[in-house]
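One structure is given below, encoded as structure tokens.
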Amino acid sequence: MIFGKSKLELKVGIFVFIGLIILAVFVLLIGDFKTMASNYRIDFLFHFVNGIKVGAPVRFAGVDVGEVRHIRIISLPPEKETRVLMTARIRKEARIPADSSVWINTLGLLGEKYIEIMPGKDYSKFAAPGQPMLGNDPVAMHEVGETLKKIAEDLDQAILMIKNKEGTIGKLFYDDTLYTQMLGVSDSAKKLISNSDEFIANLKTEVLSLIADIKSHPWKLFFRTKEKPEKK
Numbered sequence: 189m190i191f192g193k194s195k196l197e198l199k200v201g202i203f204v205f206i207g208l209i210i211l212a213v214f215v216l217l218i219g220d221f222k223t224m225a226s227n228y229r230i231d232f233l234f235h236f237v238n239g240i241k242v243g244a245p246v247r248f249a250g251v252d253v254g255e256v257r258h259i260r261i262i263s264l265p266p267e268k269e270t271r272v273l274m275t276a277r278i279r280k281e282a283r284i285p286a287d288s289s290v291w292i293n294t295l296g297l298l299g300e301k302y303i304e305i306m307p308g309k310d311y312s313k314f315a316a317p318g319q320p321m322l323g324n325d326p327v328a329m330h331e332v333g334e335t336l337k338k339i340a341e342d343l344d345q346a347i348l349m350i351k352n353k354e355g356t357i358g359k360l361f362y363d364d365t366l367y368t369q370m371l372g373v374s375d376s377a378k379k380l381i382s383n384s385d386e387f388i389a390n391l392k393t394e395v396l397s398l399i400a401d402i403k404s405h406p407w408k409l410f411f412r413t414k415e416k417p418e419k420k
């Protein structure tokens, strides 16, 4: 009798467990269906994504509108070019113009990576499923390192040229002739400015004198000097 009762309890427990699993799956399906109904899918194509992960936020004009759901590597025909295809779910109310710019940004220097969409200007056509938007590839750290290395090499070369008295900058530091020529140019410029000031001062004096003369003798404005007859 005890054995039969235990067997019955086991069966009831199994049925309850199965029922809970079915209920959980049903709830998940309903929730996913509601989520699918309240948003839509957008695909992005990149050459390089700099380590962005599934679940990364998607922002439109700085506002969170969705998240990255899938990331996979694909090969595009005809040359089998390798690309990264990212699929995101976007809230239905966020209508994104098809000519919008797509970037991968970082929160701070070493923060979380996310998709940033800058709004386009053509609101007659919007992004839609099956029409991937081309993203702007982020700068890889090794490219930044190579650029900094090139700048450092150019700076070392410039310093070496100065030390060896080569080039215009080197001559400017060590060659007295170039320095003297520059002083001569500076003196000439000063003289030119001084002469210009003197000319302007004289012109101002003449104009003031003319105005004073007209004020004293306004009839001169209506008087016309007689032209002397030409000698034949």
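Read in order, the letters of the sequence shown are residues 189 to 420 in my numbering. Built from N, CA and C at the ideal position, the CB exists for glycine as well. All values reported here derive from a predicted model rather than from experimental measurement.
- prompt: In the DSSP assignment, what are the bridge partners of ALA276?
  reply: Within the sequence shown, residue 276 is the residue found at index 88, counting from 1. DSSP lists ILE230 and VAL256 as partners of ALA276.
Self-check item: Pairwise C-alpha distance: ILE350 and VAL327
Solution: Taking the first residue of the sequence shown as 1, we reach residue 327 at position 139. Taking the first residue of the sequence shown as 1, we reach residue 350 at position 162. One C-alpha to the other measures close to 34 Å.
Does the distance from the C-beta atom of ALA285 to that of TYR302 stay below 8 Å? What you label residue 285 is simply residue 97 of the sequence shown in a count that begins at 1. What you label residue 302 is simply residue 114 of the sequence shown in a count that begins at 1. It should be noted that the sequence gives Pro, not Ala, for residue 285. Contact flag unset, no.
field: Integer-rounded CB distance, given that MET321 should sit under 8 Å from ILE230
entry: On the sequence shown, residue 230 is found 42 positions in, with the first residue counted as 1. On the sequence shown, residue 321 is found 133 positions in, with the first residue counted as 1. Sure, about 7 Å apart at Cβ, within 8 Å.
DSSP puts TYR302 in a beta bridge; with which residues?
In the sequence shown, residue 302 corresponds to position 114, counting from 1. TYR302 pairs with ASN293.
If I follow the unbroken alpha helix (DSSP H) through VAL237, where does it start and stop?
Residue numbering aside, residue 237 sits at position 49 when the sequence shown is read from its first letter. No alpha helix (DSSP H) contains VAL237, which DSSP labels as neither H nor E.
Check: Leaving out five residues before and five after ASN227 in sequence, what residues of the same chain have Cβ atoms less than 8 Å from its Cβ?
Finding: Counted from its first residue, the sequence shown places residue 227 at position 39. Once the five neighbours on either side are set aside, the close Cβ partners of ASN227 are GLY254, ARG277, ILE278, ARG279 and LYS280.
### DSSP state of GLU341 mapped onto helix, strand, coil
Within the sequence shown, residue 341 is the residue found at index 153, counting from 1. Helix at GLU341.
Cβ-heavy atom distance, LEU322 to the ligand PLP, below 7 Å: The ligand PLP is not part of the structure shown, which contains no ligands of any sort.
Exercise. Start and end of the beta strand (DSSP E) containing GLY323?
Worked result: By one-based count along the sequence shown, residue 323 stands at place 135. 321 to 324 is the span of the beta strand (DSSP E), which, as asked, contains GLY323.
| message | I need the straight-line Cα distance from LYS345 to SER384, nearest angstrom please. | response | Stepping through the sequence shown from its first residue, residue 345 is reached at position 157. Stepping through the sequence shown from its first residue, residue 384 is reached at position 196. Reading off the sequence shown, one finds Gln at residue 345, where the question assumed Lys. Distance between the alpha carbons of GLN345 and SER384: 43 Å.
Tell me the rounded alpha-carbon separation between PHE221 and LEU211. Residue 221 sits at position 33 when you count from the first residue of the sequence shown. Residue 211 sits at position 23 when you count from the first residue of the sequence shown. Because PHE221 carries a pLDDT of 45, less than 50, the predicted location of this residue cannot be relied on, and the following value inherits that uncertainty. C-alpha separation (whole angstroms): 15 Å.
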